[in-house]
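Heads up: the protein sequence lines correspond to chains A and B, in order. Per numbering that gives the first Met the number 0, the first sequence starts with residue 0, numbered consecutively. Per numbering that gives the first Met the number 0, the second sequence starts with residue 0, numbered consecutively. Each residue gets a CB set at the ideal place from its N, CA and C atoms; glycine is no exception. Notes follow the structure.
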Amino acid sequence: MKLPAISYLTSIYLFFYIPIAVLMVYSFNDAQYSLVWHGFSWRWYQELMADTDLWIAALHSLLLGIAAATVAMCIGGLAAINLYRYHFLGRKLLSALIFILILSPDIVMGISLLLLFSFIKIPLGFWSLLLAHITFCIPFVVVTVYSRITSLDEHIFEAAKDLGATDLTILSRIILPLLWPAFIAGWLLSFTLSIDDVLISYFVSGPDFEILPLTIYSMVRLGVKPEINALCSILFALTLLLVIASQLLLRKKP
Amino acid sequence: MQYGSRGFRAGKWYCPMRHDNKVKIFSLSIIWLWLALFALLPFGLIAVASFLSHDQTNLLSLPLTFQNYTTLRNTIYLTIFEQSFYLAGLCTLICLILGYPFAYFIAQCEKRLKWLLLLLTIIPFWTSSLIRTYSMITLLKAKGVINSILCWLGIIHQPLPILFSDVAVMIGLVYNLLPFMIFPLITNIERLDHRLVDAARDLGANRLTTFSKIILPLTLPGILSGCILVFLPAMTIFYIPDLLGGSKAMLLGNLIQNQFLVAQNWPLGSAISIVFMLVLVCLLLIYWRSTRGKAKRTLA
């Protein structure tokens, strides 16, 4: 690669990462408002530890993320396998629907689910959030698992069928052992999406069930405080680890 | 992340030796039920709600009316629509100009380096956009990092009022949505057949001709899906104008959010969303038409 290309790539990456780096550095700065470096300190992290409301919100988010990712992984994974393996009525429609769900702006999904929940009288809280999160995670699991499934050797299925394996046997003895990395990657990405989502949760959450992204949003609206820097740094580091783990799992073996 | 990259070709090799469809029926009915109940039905409800009347106590009520749509012809709403289109269009253009060379360079890299660079691009794609927007505030505010550096360098003497302006909203939008442009572009450019580029050069085409006649048409599907993925969220991520633009900036997303949660006028909010969905459908039709015949469509 030539020098202009390298410098161009570097400057875009700097654009991506400098704001986050600045945020993280200032979460360790021992000063309330000043931008000047007042020395390293864990102060903001300690204040964060003492805030029980935040801990409850974090716990809620964790619970929600784990539940949503698990259900989405099962439903989305099965859907991807079906899209690949079978011819069925409405197969094109299903793939088009998943395509549209990925494209459709979060806010539309948010208000449509708000309308649904008020229509079938589901109170806004844990269950409404869970249903919403599962719904927006499913398409991403389908895409992740589907792109992986196409790398399998088709003849394995033919051989298994030939030898008399039932569909359930093929699923449990061939597909799952070969595709588990894609399933886990789908789970991790769903968990990341769930724990970071603001736009959809904003519409379908209730006062009884606070979740972390919305708490952060309301804190941020009130102004910049070093504790938020600390909280955002932790959350960013966590999702960073999950994303890297999922990409390592999806990495094609050379 | 490649969707439909090899085309859906299921069933070709499948010969039904046994009629054993329990697994198939079970899993298909779950996904269909789920999507019908939590995706199709809710979208239908928006359409229905957009024809209902506004009622303070019940939120939605009969009679059916077209009034919500006629209200939208009001100049206040038209201005917001116009402003949203302008800002989102500008954001899409900036993302395309910044993202195309970026994606092109990455696609040229050798395998190991490419994986690392792709990972570095995926990270902003998947991590919280709220947190990244918040980090922008630290940079842009009056006593923020950028102003301090500029003052220290002696370029400016008074801090620039960047935060709470349209410029800040634009920086925030581009910062958040650039990965959505880059990703489909990379997957598309990666599959570009370089023999075609070599052939064009061989036959005497200069760089500009090669780019406009060969590279650009072949990467058009990637460009279009990138543009859709940037344009639509750009109009609706309401927390970016909310946090970076103060109360001045009002985008379509802010308007919808406002109608649903502040003004409590659900029918009007639904009507705005329906108009917005029509824009989405038009964009998708353009996308489908212009990539028809080309077997490979990509989506991040």
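Could you tell me whether any non-hydrogen atom of the ligand MN is closer than 6 Å to the CB of B:Leu-184?
Absent from the structure shown: the ligand MN. Ligands present: none.
Quick test of the definition: if touching needs 3 or more C-beta pairs under 8 Å, does the stretch 222–234 of chain A touch the stretch 41–48 of chain A?
yes
Determine contact between the stretch 49–56 of chain A and the stretch 162–176 of chain B, defined as no fewer than three beta-carbon pairs at a distance below 8 Å.
no
Please report the distance separating the alpha-carbon of B:Thr-120 from that of B:Lys-23.
37 Å
Assumed close pair B:Tyr-238, A:Val-197 - CB separation to whole angstroms, cut-off 8 Å
6 Å
Three-state class that DSSP yields for A:Glu-39 in the structure shown
The question names Glu, yet the displayed sequence has Phe at residue 39 of chain A. In the structure shown, A:Phe-39 sits in a strand (DSSP, three-state: E or B).
3-residue-minimum beta strand (DSSP E) runs that sit fully inside the stretch 10–85 of chain B, ordered along the chain:
52–54 and 58–60
Stretch-stretch touch, CB-based, cutoff 8 Å, three pairs: the stretch 249–267 of chain B with the stretch 222–240 of chain B
yes
Listed from N- to C-terminal order along the chain, which residues in the stretch 202–232 of chain A have their beta-carbon within a distance smaller than 8 Å of any beta-carbon of chain B?
Phe-202, Pro-212, Ile-215, Tyr-216, Val-219, Arg-220, Val-223, Ile-227, Asn-228 and Cys-231
Grab me the residues of A:Leu-112's own chain with a C-beta within less than 6 Å of its C-beta, minus the 5 sequence neighbours each way, in chain order.
Ala-131 and Val-203
Need the endpoints of the alpha helix (DSSP H) that A:Gly-205 sits in, please.
Here A:Gly-205 belongs to no alpha helix (DSSP H), and DSSP marks it neither H nor E.
When you compare the CB of B:Ile-130 with every CB in chain A, is at least one pair closer than 7 Å?
yes
Using DSSP with H/G/I as helix, E/B as strand and the rest coil, what is A:Asn-28?
strand
So is B:Ile-185 buried or exposed if we call it buried at 16+ other beta carbons inside 10 Å?
buried
Please give the ranges of any beta strand (DSSP E) in the stretch 150–210 of chain B, keeping only runs that are unbroken, at least 3 residues long and fully inside the region.
none
If contact is defined by three or more beta carbon pairs under 8 Å, each pair taking one atom from either stretch, is the stretch 212–225 of chain B in contact with the stretch 264–279 of chain B?
no
Interface partners of B:Val-229 on chain A, CB under 7 Å
The premise fails here: B:Val-229 is roughly 11 Å from chain A at the closest Cβ pair, so nothing lies under 7 Å.
Can you list the residues of chain A that B:Trp-123 reaches, using a CB-CB cut of under 7 Å?
For the record, residue 123 of chain B in the displayed sequence is Pro; it is not Trp. What B:Pro-123 touches in chain A: Phe-15.
A:Asn-81: contacting residues in chain B (beta-carbon distance under 8 Å):
Lys-23, Ser-26, Leu-27 and Ile-30
Selection of the stretch 101–116 of chain A by Cβ proximity to chain B, strictly under 8 Å
Ile-101, Leu-102, Ser-103, Pro-104, Asp-105, Ile-106, Val-107, Met-108, Ile-110, Ser-111, Leu-112, Leu-113, Leu-114 and Leu-115
Cβ-Cβ separation, B:Ala-270 to B:Asn-303 (assumed contact under 8 Å), whole Å
Lying outside 0 to 299, the shown extent of chain B, residue 303 of chain B is not represented and no answer is given.
Pairwise C-alpha distance: B:Arg-190 and B:Thr-208
20 Å
So B:Val-229 is in the alpha helix (DSSP H); what residue range does that whole segment cover?
219–235
Candidates B:Ile-122, B:Ser-147 and B:Leu-139: closest to B:Leu-177 by CA position
B:Ile-122
For A:Phe-190, which residues in chain B fall below 9 Å Cβ to Cβ?
Simply none; closest approach about 11 Å.
How is the alpha helix (DSSP H) around A:Phe-87 delimited, first residue to last?
Neither: A:Phe-87 is in no alpha helix (DSSP H) and is coded neither H nor E.
Would you call B:Val-280 buried or exposed, if buried means 16 or more other Cβ atoms sit within 10 Å of its Cβ?
exposed
Beta strand (DSSP E) runs wholly inside the stretch 165–202 of chain A, at least 3 long, in chain order
none
In this structure, does DSSP put A:Asp-52 in helix, strand or coil?
helix
Quick one: Cα of A:Phe-116 to Cα of B:Leu-36, how far?
11 Å
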